[in-house]
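Since the structure comes first, as structure tokens, the remarks are kept for the end.
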Amino acid sequence: MLVKSLILTLALECSRGTDELTLNIDFTGADPERLVSIAREFRKLTLGAD
Numbered sequence: 398m399l400v401k402s403l404i405l406t407l408a409l410e411c412s413r414g415t416d417e418l419t420l421n422i423d424f425t426g427a428d429p430e431r432l433v434s435i436a437r438e439f440r441k442l443t444l445g446a447d
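Yeah, the sequence shown ends on 447 if you go by my numbering, and it's all consecutive.
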């Protein structure tokens with residue numbers, strides 16, 4: 398859900414003509430193993446690598 402929200406935010410800001418966007422993400426309380434798992438899956442989807 399985080400990635401979907403990020404993509405929607407970027408698309409919205411781009412459509413408004415924003416040239417630069419700064420994101421602050423608070424990972425307080427996030428499960429580190431879950432974050433690593435998500436990052437690995439995202440990498441596989443975008444780069445086709447492990």
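For each residue, glycine too, the CB sits at the ideal point set by N, CA and C.
Going by CA-CA distance only, name the one from the options that's closest to residue i.
{"i": "LEU403", "options": "ILE422, SER412, GLY426, VAL433", "result": "ILE422"}
If we ignore side chains and look at the alpha-carbon of each, how far apart do residue i and residue j end up?
{"i": "LEU409", "j": "LEU399", "result": "15 Å"}
{"i": "GLY426", "j": "LYS401", "result": "20 Å"}
{"i": "PRO429", "j": "LEU405", "result": "24 Å"}
{"i": "THR443", "j": "LEU407", "result": "17 Å"}
{"i": "SER434", "j": "LYS441", "result": "11 Å"}
{"i": "LEU437", "j": "ARG413", "result": "Checking the sequence, you will find Arg at residue 437 rather than Leu. Their backbone Cα atoms lie some 31 Å apart in a straight line."}
Skipping 5 residues on each side, what residues in its chain have a beta carbon closer than 6 Å to that of residue i?
{"i": "LEU418", "result": "GLU410"}
Are residue i and residue j close, meaning C-beta to C-beta below 8 Å?
{"i": "LEU432", "j": "PHE424", "result": "yes"}
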